[in-house]
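Asks:
There are 2 protein chains.
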Amino acid sequence: MNKKAIILLSGGLDSITCVAIAQSQGYAVHALSFDYGQKHNVELECAKKIAKTMNVSEHRIAKIDLGSLFGGSALTDDNFNVPEPKNVDEIGKTGVPITYVPARNTIFLSYALAYAEVINACDIFIGVNALDYSGYPDCRPEYIRSFETMANLATKIGIEGGRINIQSPLEKLTKAEIIKLGTKLGVDYSLTSTCYNADSHGTACGKCDACLLRLEGFKQAGLQDPIQYQPKV
Amino acid sequence: MNKKAIILLSGGLDSITCVAIAQSQGYAVHALSFDYGQKHNVELECAKKIAKTMNVSEHRIAKIDLGSLFGGSALTDDNFNVPEPKNVDEIGKTGVPITYVPARNTIFLSYALAYAEVINACDIFIGVNALDYSGYPDCRPEYIRSFETMANLATKIGIEGGRINIQSPLEKLTKAEIIKLGTKLGVDYSLTSTCYNADSHGTACGKCDACLLRLEGFKQAGLQDPIQYQPKV
Numbered sequence: 001m002n003k004k005a006i007i008l009l010s011g012g013l014d015s016i017t018c019v020a021i022a023q024s025q026g027y028a029v030h031a032l033s034f035d036y037g038q039k040h041n042v043e044l045e046c047a048k049k050i051a052k053t054m055n056v057s058e059h060r061i062a063k064i065d066l067g068s069l070f071g072g073s074a075l076t077d078d079n080f081n082v083p084e085p086k087n088v089d090e091i092g093k094t095g096v097p098i099t100y101v102p103a104r105n106t107i108f109l110s111y112a113l114a115y116a117e118v119i120n121a122c123d124i125f126i127g128v129n130a131l132d133y134s135g136y137p138d139c140r141p142e143y144i145r146s147f148e149t150m151a152n153l154a155t156k157i158g159i160e161g162g163r164i165n166i167q168s169p170l171e172k173l174t175k176a177e178i179i180k181l182g183t184k185l186g187v188d189y190s191l192t193s194t195c196y197n198a199d200s201h202g203t204a205c206g207k208c209d210a211c212l213l214r215l216e217g218f219k220q221a222g223l224q225d226p227i228q229y230q231p232k233v
Numbered sequence: 001m002n003k004k005a006i007i008l009l010s011g012g013l014d015s016i017t018c019v020a021i022a023q024s025q026g027y028a029v030h031a032l033s034f035d036y037g038q039k040h041n042v043e044l045e046c047a048k049k050i051a052k053t054m055n056v057s058e059h060r061i062a063k064i065d066l067g068s069l070f071g072g073s074a075l076t077d078d079n080f081n082v083p084e085p086k087n088v089d090e091i092g093k094t095g096v097p098i099t100y101v102p103a104r105n106t107i108f109l110s111y112a113l114a115y116a117e118v119i120n121a122c123d124i125f126i127g128v129n130a131l132d133y134s135g136y137p138d139c140r141p142e143y144i145r146s147f148e149t150m151a152n153l154a155t156k157i158g159i160e161g162g163r164i165n166i167q168s169p170l171e172k173l174t175k176a177e178i179i180k181l182g183t184k185l186g187v188d189y190s191l192t193s194t195c196y197n198a199d200s201h202g203t204a205c206g207k208c209d210a211c212l213l214r215l216e217g218f219k220q221a222g223l224q225d226p227i228q229y230q231p232k233v
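These protein sequence lines map, in sequence, to chains C and G.
By the numbering used here, the letter at position 155 of the first sequence is numbered 155, and the numbering carries on one by one without gaps.
By the numbering used here, the letter at position 117 of the second sequence is numbered 117, and the numbering carries on one by one without gaps.
1. Buried or exposed: G:Gln224, going by 16 or more other Cβ atoms within 10 Å of its Cβ?
2. So G:Ile107 contacts chain C; which residues on that side make the cut at Cβ distance below 9 angstroms?
3. Just checking: is the beta-carbon of G:Ser168 within a distance shorter than 9 angstroms of some beta-carbon in chain C?
4. Between G:Phe108, G:Ile16, G:Glu160 and G:Asn152, which has its C-alpha nearest C:Leu66's C-alpha?
5. Are the beta-carbon atoms of G:Pro137 and C:Lys184 separated by less than 9 angstroms?
6. Is it right to say G:Asn129 is buried, meaning 16 or more other beta carbons lie within 10 angstroms of its own, or is it exposed?
7. Compare the C-beta of C:Ile16 with all C-beta atoms of chain G and state if any pair is closer than 9 angstroms.
8. Given this structure, state the Cα-to-Cα distance separating G:Leu75 from C:Ser24, to the nearest angstrom.
9. Which runs of the beta strand (DSSP E), 3 residues or longer, sit entirely within the segment 121–197 of chain G?
10. Going by Cα to Cα distance, which pick from C:Ile7, C:Asp35 and C:Thr106 is closest to C:Ser57?
11. Can you pull the chain C neighbours of G:Lys63, defined as C-beta to C-beta under 7 angstroms?
12. Does any residue of chain G have a CB that is nearer than 9 angstroms to the CB of C:Phe147?
13. Are C:Ile227 and C:Thr174 close, meaning C-beta to C-beta below 9 angstroms?
14. Where does G:Lys48 sit, in a helix, a strand or coil, going by DSSP?
15. Just the Cα atoms here: how many angstroms apart are C:Ile166 and C:Ala5?
16. Residues in its own chain within less than 8 angstroms of G:Glu171 by CB, not counting five upstream and five downstream?
17. Kindly indicate the opening and closing residues of the beta strand (DSSP E) around G:Lys4.
18. Express the C-alpha separation of G:Gly37 and G:Phe218 in angstroms, rounding to a whole number.
19. Give every residue of the same chain whose Cβ lies closer than 6 angstroms to the Cβ of C:Ala51, excluding the five residues on either side of it in the sequence, and list them in chain order.
20. Is the Cβ of C:Lys156 closer than 9 angstroms to any Cβ of chain G?
21. Output needed for G:Asp199: all residues of its chain with C-beta closer than 8 angstroms, excluding positions within five of it in sequence on either side, in chain order.
22. Does C:Asn120 pass the burial test, meaning 16 or more other C-beta atoms within 10 Å, or should it be called exposed?
23. C:Ala103 by DSSP, collapsed to three states: which one?
24. On the CB-based measure, 16 or more other CB atoms within 10 Å of its CB, does C:Thr53 come out buried or exposed?
25. List the residues of chain C whose Cβ lies closer than 7 angstroms to the Cβ of G:Glu58, in chain order.
26. Is there at least one Cβ from chain G nearer than 9 angstroms to C:Val101's Cβ?
27. Quick one: residues in its chain with C-beta nearer than 7 angstroms to the C-beta of C:Ala112, no 5 flanking neighbours on either side, listed in chain order?
28. Could you compute how far the alpha carbon of G:Gly222 sits from the alpha carbon of C:Ala151?
29. Could you tell me whether the Cβ of C:Val19 comes closer than 9 angstroms to any Cβ of chain G?
30. What are the boundary residues of the alpha helix (DSSP H) that C:Ser24 is part of?
31. Taking DSSP as the reference, what is the three-state secondary structure of C:Ser110?
32. Quick check on C:Ser190: buried or exposed, where buried means 16 or more other Cβ atoms within 10 Å of its Cβ?
This is the structure in structure tokens:
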């Protein structure tokens with residue numbers, strides 16, 4: 001039987017790459033996605049397509065009502081607009097972005113930890129990377145390490161002599177390096193969605209932080225982004 | 001304006017005591033309860049009564065579908081029965097109990113952390129105590145401290161020079177000491193529910209781990225437990 005890994009699968013470029021990495025290392029992938037009232041719900045449809053296409057062992061979707069419970073982020077709260085930076089160099093230069101969802105990765109990893117305990121998996125993959133921790137506190141390597149320490153004190157696996165590993169294989173990679181690595185592993189990036197502000201058909205805006213970083217990543221990797229963008233006006 | 005605290009309010013004896021402690025220290029209490037498919041749902045009704053009677057500033061209830069998502073505990077899964085130990089000395093002697101819910105406190109504290117960030121509170125109270133960490137990994141002091149370290153790396157408050165404190169004021173107290181302290185602070189323990197196995201009217205079984213520890217606590221404190229128990233058969 002293959003060793004099992006939990007992968008936090010958002011439906012974006014980073015998480016699909018994590019699925020490919022875990023599978024290339026021989027893990028049976030148990031994907032976990034969240035329906036947390038995100039405005040860009042097309043993500044979840046992408047996560048389902050990815051899970052199916054990449055033949056994961058299991059895909060669970062946890063419905064968590066973060067938006068209406070807590071509010072306070074441009075990603076879940078209709079009172080905020082997703083910002084459109086002028087260019088890619090502007091991103092992450094002004095402290096914690098308005099698109100930060102309070103304690104989001106901590107909540108996601110906590111669910112992944114519960115899932116890991118129930119199915120007796122010791123590895124949890126999360127697709128945080130270098131570009132993200134310019135602004136988001138819960139994407140930084142020191143955060144991931146401290147979550148791992150806590151996880152081993154929190155759980156039955158941890159106190160009974162096992163070890164929970166929080167794997168963040170994209171941690172030190174740029175978007176271009178991630179795209180090149182995924183492409184080498186056969187990832188089909190047309191299955192993914194990245195945009196914070198996609199239209200009702202799921203077509204990316206091409207203007208938000210996430211779109212600009214994605215487009216720049218493909219450009220630097222010398223590859224064509226296979227997804228559709230809204231026409232520029 | 002009073003400083004704010006988030007209190008994890010289960011509706012039990014420990015969490016009501018935490019509300020009283022926080023209020024006695026001048027905090028405005030923001031209570032957070034969870035509807036997580038627990039069999040002993042009377043807890044949630046108790047939490048609502050406590051919040052109202054003790055005039056908390058706000059009471060939010062997060063619905064999280066742990067039971068059907070993950071299963072694996074006698075508290076949420078109908079395939080398990082809640083055990084009935086022969087006596088109070090038997091409790092916590094046989095490793096992690098079957099009533100352990102995987103990563104439960106980690107998930108609860110993660111939500112509390114999100115809530116704290118949104119309302120700009122720096123203090124989170126959790127009613128873990130000495131008796132609990134005989135068996136539950138996520139009730140131990142070293143777990144609480146490691147969650148706190150992680151929380152300060154995870155959040156906007158933490159990286160912008162603030163500090164999140166996870167307060168566990170019952171950590172070193174026995175049940176009897178908690179009951180005596182709460183009674184001194186004017187806590188009405190008739191508002192609480194502790195039983196893992198209450199009947200449809202919310203009447204406690206008097207036989208599960210939680211009931212035995214509660215009854216023993218009142219006995220050692222020299223006080224009368226004001227709640228009703230099912231008649232012994």
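Virtual Cβ for every residue (Gly too), placed ideally from N, Cα, C.
Remember, predicted model here, so these are calculated numbers, not experimental data.
Replies: The structure says:
1. Residue 224 of chain G sits at position 224 when you count from the first residue of the second sequence. Result: exposed.
2. Here residue 107 of chain G refers to the residue found at position 107 of the second sequence. The answer, in chain order, is Ile107, Ser110, Tyr111, Leu113 and Ala114.
3. Stepping through the second sequence from its first residue, residue 168 of chain G is reached at position 168. It does not; no Cβ of chain C falls within 9 angstroms.
4. Residue mapping note: residue 66 of chain C aligns to position 66 of the first sequence, counting from 1. Looking at the Cα atoms, G:Phe108 is the closest of the given residues.
5. Within the second sequence, the letter at position 137 stands for residue 137 of chain G. Within the first sequence, the letter at position 184 stands for residue 184 of chain C. Contact flag unset, no.
6. The residue you call residue 129 of chain G lines up with position 129 of the second sequence. Classification of G:Asn129: buried, given that the 10 Å Cβ count is 16 or more.
7. The residue labelled residue 16 of chain C in the question sits at position 16 within the first sequence. Cβ-Cβ to chain G under 9 angstroms: no for C:Ile16.
8. The residue labelled residue 75 of chain G in the question sits at position 75 within the second sequence. The residue labelled residue 24 of chain C in the question sits at position 24 within the first sequence. Any reading at G:Leu75 is ruled out, since the residue's pLDDT is 48, under 50, leaving its predicted position unreliable.
9. 123–125 and 165–167
10. For the purposes of this step, residue 57 of chain C is taken as the residue at position 57 of the first sequence. Out of C:Ile7, C:Asp35 and C:Thr106, C:Ile7 has the C-alpha closest to the C-alpha of C:Ser57.
11. Residue 63 of chain G sits at position 63 when you count from the first residue of the second sequence. Within chain C, the residues near G:Lys63 are Asp65.
12. If you number the first sequence from 1, residue 147 of chain C lands on position 147. Yes - at least one Cβ of chain G is within 9 angstroms of the one on C:Phe147.
13. In the first sequence, residue 227 of chain C corresponds to position 227, counting from 1. In the first sequence, residue 174 of chain C corresponds to position 174, counting from 1. Result no, Cβ atoms of C:Ile227 and C:Thr174 do not sit closer than 9 angstroms.
14. Residue numbering aside, residue 48 of chain G sits at position 48 when the second sequence is read from its first letter. Three-state DSSP puts G:Lys48 in a helix.
15. Within the first sequence, numbered from 1, the residue matching residue 166 of chain C stands at position 166. Within the first sequence, numbered from 1, the residue matching residue 5 of chain C stands at position 5. One C-alpha to the other measures close to 10 angstroms.
16. For this step, residue 171 of chain G is matched to residue 171 along the second sequence. Val128, Asn129, Ala130, Pro141 and Ile144.
17. Translated into the one-based positions of the second sequence, residue 4 of chain G becomes position 4. Run containing G:Lys4: Lys4 to Leu8, per the beta strand (DSSP E) assignment.
18. As a working note, residue 218 of chain G is residue 218 in the second sequence. As a working note, residue 37 of chain G is residue 37 in the second sequence. Near 29 angstroms, if we compare the C-alpha coordinates of G:Gly37 and G:Phe218.
19. Within the first sequence, residue 51 of chain C is the residue found at index 51, counting from 1. So the list reads Ala31 and His59, once near-sequence residues are dropped.
20. What you label residue 156 of chain C is simply residue 156 of the first sequence in a count that begins at 1. So, interface residue.
21. Reading the second sequence from its first residue, position 199 is the one you call residue 199 of chain G. Result list for G:Asp199: Cys205 and Gln230, in chain order.
22. Position 120 of the first sequence holds residue 120 of chain C. Exposed is the call here.
23. Taking the first residue of the first sequence as position 1, residue 103 of chain C is located at position 103. Coil.
24. If you number the first sequence from 1, residue 53 of chain C lands on position 53. So C:Thr53 counts as exposed.
25. Sequence index remark: in the second sequence, residue 58 of chain G carries index 58 (1-based). Result: empty, since nearest Cβ-Cβ is about 12 angstroms, beyond 7 angstroms.
26. Start at 1 with the first residue of the first sequence, and residue 101 of chain C comes out as number 101. So yes, C:Val101 belongs to the interface.
27. Walking along the first sequence from the start, residue 112 of chain C turns up at place 112. Same-chain partners within the cutoff: Ile6, Leu8, Leu32 and Ile124.
28. Locating residue 222 of chain G in the second sequence gives position 222, where the first residue counts as 1. Locating residue 151 of chain C in the first sequence gives position 151, where the first residue counts as 1. If I take the Cα positions, the gap works out to 39 angstroms.
29. The residue labelled residue 19 of chain C in the question sits at position 19 within the first sequence. No, its Cβ sits nowhere closer than 9 angstroms to a Cβ of chain G.
30. Here residue 24 of chain C refers to the residue found at position 24 when the first sequence is read from its first residue. Residues Leu13 to Ser24.
31. Start at 1 with the first residue of the first sequence, and residue 110 of chain C comes out as number 110. Here C:Ser110 sits in helix by DSSP.
32. The residue given as residue 190 of chain C occupies position 190 in the first sequence. When all chains shown are included, C:Ser190 counts as exposed.
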